[in-house]
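Participant: Let me begin by handing over the structure; questions about it come next.
What follows is the structure, given as structure tokens:
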């Protein structure tokens, strides 16, 4: 995140980075490591964040049973850093995003969390409408349900228990 302090579009790039981390958490994108982020080198020596790529959801393989990742063991590749580091998808709370946003110089994350949580139903409807007819329904349901459940945890209501 500190690398983006000197970006030619620092404020927007840092906001995009934090939003990406939030979306990775919503998706249970456990492979969202630093190598999946790139910068575009501009003429004159400047740089900026590139679009995101290589994002996969682990929701279809999170659960209880053989060949599944236990919900309490599912972890993000990059920790959320606020007062301390948080990796566990089930352990991350809305208040942790406040610390991340403050460290990024974005202030309180409440508006950002509320904005993303409010977008989830519409985004999921749009994605569902674009899926091919033969797309595996259990796969889509696992991702959509995981995202909906996690989005509920973004509410800053004090009720922040993992599902």
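Residue numbers (this note's numbering): 14 to 176.
Where a beta carbon is used, it is the ideal one built from N, C-alpha and C, also for glycine.
(1) Tell me which same chain residues have a C-beta within less than 6 Å of the C-beta of residue 95, skipping the five on either side of it?
(2) Output needed for residue 46: all residues of its chain with C-beta closer than 7 Å, excluding positions within five of it in sequence on either side, in chain order.
(3) Cβ of residue 72 within 8 Å of Cβ of residue 155?
(4) Confirm, please, whether the CB-CB distance from residue 107 to residue 84 is below 8 Å.
(5) Under 6 Å Cβ to Cβ from residue 148, same chain only, skipping five residues before and after it: list those, please.
(6) Quick one: residues in its chain with C-beta nearer than 6 Å to the C-beta of residue 51, no 5 flanking neighbours on either side, listed in chain order?
(7) Please list the terminal residues of the continuous alpha helix (DSSP H) segment that includes residue 101.
(8) Roughly how far, in whole angstroms, is the beta-carbon of residue 118 from the beta-carbon of residue 32, given that I think they are within contact range, below 8 Å?
(9) Taking 8 Å as the limit between beta carbons, can you name the residues of its chain near residue 87, skipping five residues before and five after?
(10) Please look up how many angstroms separate the CB atoms of residue 21 and residue 61, rounded, as I've assumed it's under 8 Å.
(11) When DSSP labels each residue in this structure, what does residue 146 get in the three-state scheme?
(12) Can you name the start and end residues of the beta strand (DSSP E) that residue 61 belongs to?
(13) Going by C-alpha to C-alpha distance, which of 116, 80, 23 and 105 sits closest to residue 36?
(14) In whole angstroms, give me the CA-to-CA distance for residue 69 and residue 18.
(15) Leaving aside the five residues before and after residue 122 along the sequence, list all residues of the same chain whose C-beta is less than 6 Å from its C-beta, in chain order.
(16) How big is the Cα-Cα spacing for residue 80 and residue 128?
(17) From what residue to what residue does the alpha helix (DSSP H) around residue 30 run?
Facilitator: Once the coordinates are examined:
(1) Apart from sequence neighbours up to five positions away, the residues of its chain that approach residue 95 with a beta-carbon distance below 6 Å are 109, 112 and 113, ordered along the chain.
(2) 90 and 91, listed in sequence order.
(3) One thing to note: residue 72 has its Cβ within 8 Å of the Cβ of residue 155.
(4) It is not a contact, given that the beta carbons lie outside the stated cut-off.
(5) Here the set comprises nothing.
(6) So the list reads 63, once near-sequence residues are dropped.
(7) Note, residue 101: premise wrong, no alpha helix (DSSP H); beta strand (DSSP E) at 98–101.
(8) Rounded, the Cβ-Cβ distance is 14 Å, inconsistent with contact.
(9) The answer, listed in chain order, is 41, 43, 71, 75, 101, 102 and 103.
(10) Rounded to whole angstroms, the Cβ separation of residue 21 and residue 61 is 5 Å, and the two are in contact under 8 Å.
(11) Shown here, residue 146 sits in coil according to DSSP, grouped into three states, outside any helix or strand.
(12) Per DSSP, residue 61 is one residue of the beta strand (DSSP E) stretching across 60–62.
(13) The shortest C-alpha separation from residue 36 is found at 105.
(14) If you take the alpha carbons of residue 69 and residue 18, they lie about 27 Å apart.
(15) The beta carbon of residue 122 sits closer than 6 Å to those of 110, 111 and 114, all from its chain and outside the five residues before and after it, given in chain order.
(16) Cα atoms of residue 80 and residue 128: separation of roughly 35 Å, rounded to the nearest angstrom.
(17) From DSSP, the alpha helix (DSSP H) with residue 30 extends over 23–40.
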